[in-house]
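As given, the protein sequences belong to chains A and B, one line each in that order. What the first sequence shows, in this note's numbering, is residues 96 to 613, in sequence order. What the second sequence shows, in this note's numbering, is residues 14 to 85, in sequence order.
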Amino acid sequence: MPLNVTALIVFIFFFGIVTFVGFAAARWKRGDLDQLHEWGLAGGKFGTLITWFLLGGDLYTAYTFIAVPALAFGTGALAFFAVPYTIVIYPFVFVVFPRLWSVARARGYITAADFIRGRYGDRWLALAIALTGILATLPYIALQLIGLEVVIAAMGVQLAGALVYLPLIISFAILAAFDYFSGLRAPAAIAIIKDIMIYITVFAAVIVIPLEVGGWDKVFAAVPRDKILLADNLGSYTGYATLFLGSAMALFLYPHSVTGVLSSSSRHVIRRNAALLPAYSFLLGLIALLGFMALAVGVREMPAYANAFKEFGPNFAVPALFLQVFPSWFVGFAFASIGIGALVPAAIMSIASANLFSRNIYREFINPNCNPMQESRMAKTMSLVAKVGALMFIIFLPHEYAIQMQLLGGIWIIHTFPAVIFGLYTRWLNSKALLIGWAVGMTAGTWMAASIGFRPIFPLQIFGTTIPAYIAIYSVLLNFAISVVLTLVFNMLAMSRRDETHPADYYALEGIGGGGGH
Amino acid sequence: MADKRDGGGNGGNSGGGMLLWLLVPMLVLYVPLYNKIEPTLFGFPFFYWFQLAWIFVSMIITAVVYYGTEPR
């Protein structure tokens, strides 16, 4: 692919702006960045609009923008699961997550594992929740790099030998620097720019491209007939429905989602955002259709893109489409929006896993007497480690591993559901029972995925009928069943239970006595 | 001193009842309902425009429930 100078200049220009904003963000809503809740939660000061941009930039990642249309391009209707996925999540967020916000603010919690520690008084269950969060997030950060890598290659930036990964390393070094310096304020500020750029790009695409190919019916006509709908049988319906339901149950348990929720300034902000965030779902639906537009334009057959398709597979569908239909300067703009779209979630994810490590592993198990500054320093260091780890992952291992790990991440994180979500309503479940349920669910889920070559849908035989469903759903049902049965057993043995939270905490509008580290 | 005016889970009668509206978006779980081509709209097969339209339906429902349960 020839070097696209115009696109590259525009791309670098926007990266420059974002770098400046990332560093300047340290002064925004000023706080003491040597306090973990200031560095890692931006002091919990974000209102409705900023939270909307932050969560939007956080949940709808660069990888989504590349992979969802790639799935549509390759497999058709199945890719649209991203739409109902984000339909079913928000009513759930509306009801459940204000409770997490309130109890966290009342008690000064900054992670889900903090809540588990306080609610169940069990540091081992809290450790399990923290480790699951970190483990599920790291491959997700690595995947953001794939999005970045694809658009950089699409601009014809091809370095040889040891320099191949230089652009990625530079991008991540910039990211690491402003993250370290500004904490969560940096991705929040950048998310505003990035989201506006993404909206412009996608709306331009859905207006221009259908006109070019002769209307939406031509776009859909390009999809092979057997892929335009899901197969008409029970198995494909249960597969589709459980895939989006399980993905939805998992989404807000990810550390970067919890960080986004807890950084908002009130429980009302969360409820308002549950009604406003679906605007991004609509955007995501349009983005999925970019895969069909790539089919209609016929980029796969064009010799100019043959090599890139060989290297990146369907992930090259969207970059090829943009190169084909947009002028160079707009290609640069669109690719910058995807590239910055990789930085925002990567930043929030590494901050969120750093919070978990520093608060729930370092302070809990390694240095219980650390002062707030040491705790915050440890988190800053860990956010660097997380990024270097992600970079190593992409440079030294096949991309396949990152994709498989990310699939497993979704299956793992759902096993924090019984402890965290049910824990927001009842203290009835026993913490040791939850811990055993977690371990069995994690093992079963991993085994199911590995046994079918790391695909999400497992064909389980139930009374002689095969019912394919998302592994996360099957394994979390097992987790929950074990947690309930063992709770009944342990309760008969009258094991002790501790809980530092009070019922009123779950409705709290503020920290107690200026608590929450204010 | 639980805040009974709030619809966060065990709110008052009106709040608790309103929350049931949030089950309506869950209709998308019944996939056979929309896994069809016809009727098309602006060239979009039903499968696609139904799910996109359902985003707006669930946004409106969530907004109505928000205003119905938010303390004045």
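Beta carbons: idealized from backbone N, C-alpha and C, even for Gly. Since this is a predicted model, take the numbers as computed values, not measurements.
Residue environment for TYR155(A): buried (at least 16 other C-beta atoms within 10 angstroms of its C-beta).
For a cut-off of 8 Å, the C-beta gap from TRP134(A) to SER471(A) is around 5 Å, short enough to register as a contact.
With fewer than 16 other beta carbons inside 10 angstroms of its own, PHE108(A) counts as exposed. Assigned with DSSP and collapsed to three states, ALA399(A) falls in helix.
Against TRP147(A), chain B offers no close residue; the least beta-carbon distance is about 13 Å (beta-carbon pairs closer than 9 Å). Judged by their CB atoms, LEU42(B) and PRO179(A) are nearer to each other than the 9 Å cut-off. The C-alpha of TYR185(A) lies about 14 Å from the C-alpha of HIS363(A). About 5 Å separates the Cβ atoms of MET477(A) and PHE452(A), confirming a contact at the 8 Å cut-off. The beta carbon of LEU529(A) is closer than 7 Å to those of LEU220, PRO513, ALA514 and SER578 in its chain, skipping five residues each way along the sequence. The three-state secondary structure of GLN130(A), taken from DSSP, is coil.
Contact between SER360(A) and GLY142(A) holds, since their C-beta atoms are separated by about 5 Å, short of 8 Å. Taking 9 Å as the CB threshold, PRO58(B) lines the interface with chain A.
Within chain B, the residues PHE60 have their CB atoms less than 7 Å from the CB of ALA172(A), given in chain order. With its beta carbon less than 9 Å from one in chain B, ARG366(A) belongs to the interface.
ASN464(A) sits away from ALA208(A), with the two beta carbons spaced by 9 Å or more. Restricting attention to ASN525(A), GLY504(A) and GLY559(A), the CA atom closest to the CA of LEU238(A) is found in GLY504(A). Residue burial is scored here from C-beta neighbours: ALA437(A) has at least 16 other C-beta atoms within 10 angstroms and is therefore classed as buried.
Per DSSP, the unbroken beta strand (DSSP E) holding LEU555(A) starts and ends at 552–557. CA-CA distance, PRO493(A) to GLY30(B), rounds to 52 Å. Contact annotation for LEU35(B) against chain A: PRO186, PHE189 and VAL190 [CB-CB distance below 7 Å, chain order]. As DSSP reads the structure, SER359(A) sits in a beta bridge with PHE141(A). Residues of the stretch 311–329 of chain A with a C-beta less than 8 Å from any C-beta of chain B: TRP311, ASP312, LYS313, VAL314, PHE315, ILE323, LEU324, LEU325 and ASP327, listed in chain order. Beta bridge pairing from DSSP links THR561(A) with GLN556(A). Those residues of the stretch 377–398 of chain A placed with their C-beta closer than 7 Å to a C-beta in chain B are PHE377 and GLY380, ordered along the chain. Contact annotation: in the stretch 330–350 of chain A, residues whose CB is within less than 7 Å of a CB in chain B are TYR332, TYR335, ALA336 and LEU340. Short of 8 Å from the beta carbon of VAL163(A), and not among the five residues preceding or following it, lie these beta carbons of its own chain, in chain order: ALA174, ALA177, LEU379, ILE382, ALA383 and GLY386.
Just so you know, the alpha carbons of GLU51(B) and PRO58(B) end up roughly 6 Å apart.
Nearest to THR521(A) by alpha-carbon distance, out of ILE547(A), TYR601(A), LYS482(A) and THR538(A), is TYR601(A). In the DSSP assignment, ASP290(A) falls within the unbroken alpha helix (DSSP H) covering 280–308.
Listed along the chain, the chain B residues whose CB falls inside 8 Å of the CB of ALA201(A) amount to none; the nearest CB is some 12 Å away. As summarised for the stretch 407–438 of chain A, the continuous alpha helix (DSSP H) elements at least 4 residues long and confined to that stretch are 412–420, given in chain order. ALA447(A) is outside the set of residues whose beta carbon lies under 9 Å from a beta carbon in chain B.
Counting C-beta pairs with one atom in each stretch, the stretch 110–122 of chain A and the stretch 268–275 of chain A have three or more that are closer than 8 Å, which means they touch. Here GLY540(A) is near VAL571(A), since their CB atoms are less than 9 Å apart.
Pairing THR596(A) with VAL190(A) gives a Cβ-Cβ distance that is not under 9 Å. Not one beta carbon of chain B lies nearer than 9 Å to the beta carbon of PHE160(A).
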